[in-house]
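Residue numbers (this note's numbering): 94 to 462.
Yeah, the Cβ is synthetic: ideal placement off N, Cα and C, and Gly gets one too.
Note that the structure is predicted; figures quoted are calculated from it, not measured.
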Amino acid sequence: MTGGGRNLRITGPTPLPPATLDALRRPMVSHRSEEFRSLLSGVVRSLRPAFGTAEAAILPFTASGTGGLEAAILNTVAPGERVLSIRCGHFGERFAEIAAHYGLEVVALETPWGRATDPEALRRWLRTAPVARAALLTHNETSTGVLEPVGEVAAVLRRERPEMLLLVDGVSSVGAVEVEMDSRGLDVVVTASQKALMAPPGLALVAAGPRALEAAARHPARPYYLDFARMRAATEEGTTTYTPAISVVFALAASLERLGSQGLPRVFEHHRRLASRCREVLAAVGLRPFADPLHASPTVTAMLTPAGVSASWLRRRLEEEASVFVSQGRGAFKDSVIRIGHLGFVDGDDVEGLLGAFRAVLREEVATG
Ligand SMILES: *Cc1c(COP(=O)(O)O)cnc(C)c1O
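Following this line, the structure appears as structure tokens:
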């Protein structure tokens, strides 16, 4: 068990490995010191394989993941321009909401919750969709447990709209699922410290590729704090524009060391295995997969609760009976979907413990209900 008695299986924040917890006790240093510069440079280097990039600038903003999504839009899309929102759930809607908030025109291709974007439907849609600066995509839709076919979506965009940028929310994928930013031609990929990267909340990690950096350089009204160009210049000197979440950088360094020593292919396989075990056992106790099984996420499993069982009741009972913490559905599915995060620091015993708790709680429901 990884969580010290508490089985934290929400979709984030995720539990911290022991060495990461220890790193949080490190005394403060100056973020302009040599010690910090070498640490941050190491963190940036170690993040490259998780993003799958040799060429992107990796920009650590002190913010949650949403701050990183906001940065992606504000640096690459100018006021008055349009974005295409390719979405299949809550986080896709949020990404578009940020663009709309800044007055950008948003045109959406919506796929029903629980399904993944169909690349062929996207291709047809793009033939008539209006001209736009960028497309917004959520790699792993945490609200529905769907992993989008990002490689195929990117290939269709490159073919149909080669001039358009592709901005990707990789908050619940980077570090647990193959991203392959360079080979797939993703222009910006955003993640956050508190999910698969096994660090506390506090850092939005933004990988900005050459085309995105070029768009930022030409941008007429870049943001002040979330400026790509200035953060890039700072990271080239091993530091950040303003005081970063230094303790989170310490913790992230420890977790990245762990990821590096395990090797990403093994980590990806570990997550796939846990996800399929979750789906199999939960289906056997009467829950039905919410996500299309062909596109089920390796990091988040979303299941429809059995008829007559409310997700809030189930979530509460799991907490009270077994100290198992899971998430409920979002939006219209708040009380009919249960979501389990099995990303980052999680082992087979955690998942077996969680599944045992589901069995016990649902047996009790059958007995008394
Ligand atoms: C967790 C998450 C976010 C960001 O959430 P923050 O609370 O802002 O860190 C964004 N997108 C996805 C897909 C997520 O899973």
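Please look up how many angstroms separate the CB atoms of Val299 and Ala164, rounded, as I've assumed it's under 8 Å.
-> 6 Å
Would you decide whether Gln486 is buried or exposed? Buried here means 16 or more other CB atoms lie within 10 Å of its CB.
-> For residue 486 there is no data in the structure shown, the boundaries of the chain being 94 and 462.
If you measure from each residue's Cβ to the nearest non-hydrogen atom of ligand 1, which ones come out under 7 Å, in chain order?
-> Thr104, Gly105, Ser157, Gly158, Thr159, Gly160, Leu162, Phe184, Arg187, Thr231, Asn233, Glu234, Thr235, Asp262, Val264, Ser265, Ala285, Gln287, Lys288 and Pro294
For Thr104, which residues from the same chain have a beta carbon less than 7 Å from its beta carbon, with the 5 sequence-adjacent residues on both sides left out?
-> Thr235, Ser265, Val393, Ser420, Arg432 and Gly434
Output the residue ranges of the beta strand (DSSP E) runs that lie fully inside the stretch 108-196 and measure 3 residues or longer, sorted by chain position.
-> 150-155 and 175-180
Tell me whether the beta-carbon of Leu260 lies closer than 8 Å to the beta-carbon of Val243.
-> no
For Ala338, three-class secondary structure by DSSP | coil
Does DSSP put Leu352 in a helix, a strand or coil?
-> helix
Straight-line CA distance for Glu186 to Gly173?
-> 20 Å
Would you check if the stretch 143-156 and the stretch 274-290 touch, i.e. whether three or more CB-CB distances between them fall below 8 Å?
-> yes
Quick one: Cα of Val136 to Cα of Val454, how far?
-> 42 Å
Measure the C-alpha to C-alpha separation of Thr231 and His183 and round it to an integer number of angstroms.
-> 10 Å
Limits of the alpha helix (DSSP H) - the one that Thr461 falls within | Gly441 to Thr461
Can you have a look at Thr155 and say buried or exposed, based on whether 16 or more other CB atoms are within 10 angstroms of its CB?
-> buried
What residue does the alpha helix (DSSP H) around Thr328 start on, and which one ends it?
-> Phe321 to Glu329
Contacts around Gly160, its chain only, beta-carbon distance under 8 Å, and the 5 residues preceding and following it disregarded | Phe154, Ala297 and Leu319
Taking only the alpha-carbon atoms, compute the straight-line gap between Ala189 and Arg365 and give it to the nearest angstrom.
-> 29 Å
Rounded to whole angstroms, how far is the Cβ of Ala322 from the Cβ of Leu258, which I believe are closer than 8 Å?
-> About 16 Å separates the two Cβ atoms, so there is no contact after all.
Contacting residues, own chain, Cβ-Cβ under 7 Å from Glu198 (five flanking each side not counted) = Arg175
Give the DSSP-derived three-state secondary structure of Pro391 in the structure shown.
-> coil
Is the closest heavy atom of ligand 2 to the C-beta of Thr461 under 7 Å?
-> Judged by which ligands are present, ligand 2 is missing from the structure shown, whose ligands are ligand 1.
Take every Cβ of the stretch 247-255, pair it with every Cβ of the stretch 207-219, and state whether three or more of those distances are shorter than 8 Å.
-> yes
Taking the C-alpha atoms as reference points, what is the distance between Gly98 and Asp440?
-> 14 Å
Are the stretch 352-360 and the stretch 324-341 touching by the rule of at least three beta carbon pairs closer than 8 Å?
-> no
Note down the Cα distance separating Ala225 from Ala308, rounded to an integer number of angstroms.
-> 14 Å
Proximal residues to Arg125 (C-beta, below 7 Å), its chain only, five neighbours per side dropped | Thr332
What residues match up with Phe383 in a beta bridge as DSSP calls it?
-> Its beta-bridge partners do not exist; DSSP assigns none.
Contacts around Leu345, its chain only, beta-carbon distance under 7 Å, and the 5 residues preceding and following it disregarded = Val136, Ser286, Leu290, Ala292 and Leu296
Take the Cβ of Ser123 as the centre, count every other Cβ of all protein chains shown within 10 Å, and call the residue buried at 16 or more, exposed below.
-> exposed
Close-in-space but distant-in-sequence residues of the same chain around Ala201 (CB under 7 Å, 5 per side omitted) = Ser178, Arg180 and Ala189
Using the DSSP secondary-structure output, state which residues sit across from Glu245 in a beta bridge.
-> According to DSSP, Glu245 bridges with nothing at all.
Of all the options Leu448, Phe426, Ala209 and Ala269, which has the alpha carbon lying nearest to the alpha carbon of Glu245?
-> Ala209
Return the first residue and the last residue of the alpha helix (DSSP H) that Val360 is part of.
-> Leu357 to Ala377
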